[in-house]
Amino acid sequence: MRKFLLPVLLMILFSVTNGQLRNVPPHAEPSAYALQGPGDSQGKKSTLLAVGLSLVLPGAGEMYAGNVRTGTYLMAADGALWLTYAGFVLHGNWIMDDARTFASMKAHADFNGKDDRFDVDIGNFLSTEEYNETRLRNREYDEVYSGASYQWNWTQESDRRHYRNLRIKSDQIHQASEFVVGALVVNRIVSALLAWRSVKSANATNELRSGWRLDTELQRTGNVVHGLGLKVTASF
């Protein structure tokens, strides 16, 4: 943003008493006569920067464009979504930890180094033996478990169902967190569009305000008028 003031281009002093031109006194009072241009320039905003800011942090682009109120709402919404996402993830992890602890106690399952498929299989079969028999019967030889670390055995069907319900509940909560991620993405897209519009509006307003200003001043000391002054101000 640049702004400069052109010095007094022309001082025309009309002498009332003797008709002579004389210098303008420093304490001269301005008159009510003025021609005013659209105003001072505020500088052009970058549309690309505003959109980029909003994609990183919703609301930042609107604030950059001067739309602080909308930017504040979008930024607050993004913070609330992140807190919701963190809450879902933590809650889902806690339930899964409880399920694994329960399976370790009731079925002597070892989850170290295992993937999510092992979690599912423990909830679907009473024991490793039952699981392996099913895989062999279906000729799924590559999916057979071997080794002591893959052994489990539920003594009660109700315990297996309880573990399975906990695992499913954990998965459902993690799936809900994925919807929050989608909302975070949508919030950024909406913010980017609003930032683009805010910058366009701000630049259009600034173009109207930029230009020139012409003022006329009656130069006087007390009740004695010394002349007429012209002052031109240009803003870009």
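Using numbering that gives the first Met the number 0, you'd call the opening residue of the sequence shown number 0 and step up by one each time. Note that the Cβ used here is the ideal one computed from N, Cα and C, for glycine as well.
- Here DSSP, grouped into helix, strand and coil, assigns residue 127 to helix.
- The three-state secondary structure of residue 219, taken from DSSP, is strand.
- Secondary structure note for residue 61: its alpha helix (DSSP H) is the uninterrupted segment 59-64.
- Here the region 159-169 lies against the region 103-123, with 3 or more beta-carbon pairs under 8 Å apart.
- Sorting 150, 183, 125 and 67 by C-alpha distance to the C-alpha of residue 110 places 150 at the top.
- Shown here for residue 80: same chain residues with a beta carbon closer than 7 Å to its own, the five before and five after excluded, namely 179, 182, 183 and 186 in chain order.
- In this structure, 87 is the residue among 195, 191 and 87 with its C-alpha nearest to the C-alpha of residue 170.
- A contact is defined here as three or more CB-CB pairs under 8 Å, and the region 190-198 meets this definition with respect to the region 69-76.
- At a Cβ-Cβ threshold of 7 Å, residue 50 and residue 147 do not count as neighbours.
- In terms of Cβ geometry, residue 131 and residue 143 form a close pair [threshold 7 Å].
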